[in-house]
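Numbering (this note's numbering), first residue to last: 178 to 308.
Contents: one structure, followed by commentary.
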């Protein structure tokens, strides 16, 4: 006969308040990785318009770039890619044994650098767009 084990309430959604910086780094890294994979498929779909000829591809790109929402999504893509890169470098350093005692600080630093790079790039992405 097996013993029963009380695991507590399975639907305990309040645990996110207890997460450490390392857990948030893992969650954000997973999320940004999936977002980049999703972008890859979207990118392939847009590039497939080049099969019909260079005019169709040019028209597709010009049509997409004229939309404000596409420009906003590009800024979001930049933020996702920059964070994923910086957090990946942070993980590489941790795996090599560098900065093991400062993982929280390096995670927060990667968030701040991501914000700075993204905010500094917004004027470049929004140049020439009409709302």
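Just so you know, even glycine gets a beta-carbon here, dropped at the ideal spot from N, CA and C.
Quick check on residue i: does DSSP put it in helix, strand or coil?
i	result
residue 287	helix
residue 305	coil
residue 276	coil
residue 215	helix
residue 230	coil
residue 196	coil
residue 180	coil
Hey, could you find the ends of the alpha helix (DSSP H) residue i is sitting in?
i	result
residue 256	245 to 272
Output needed for residue i: all residues of its chain with C-beta closer than 8 Å, excluding positions within five of it in sequence on either side, in chain order.
i	result
residue 264	202, 205, 206, 209, 284 and 287
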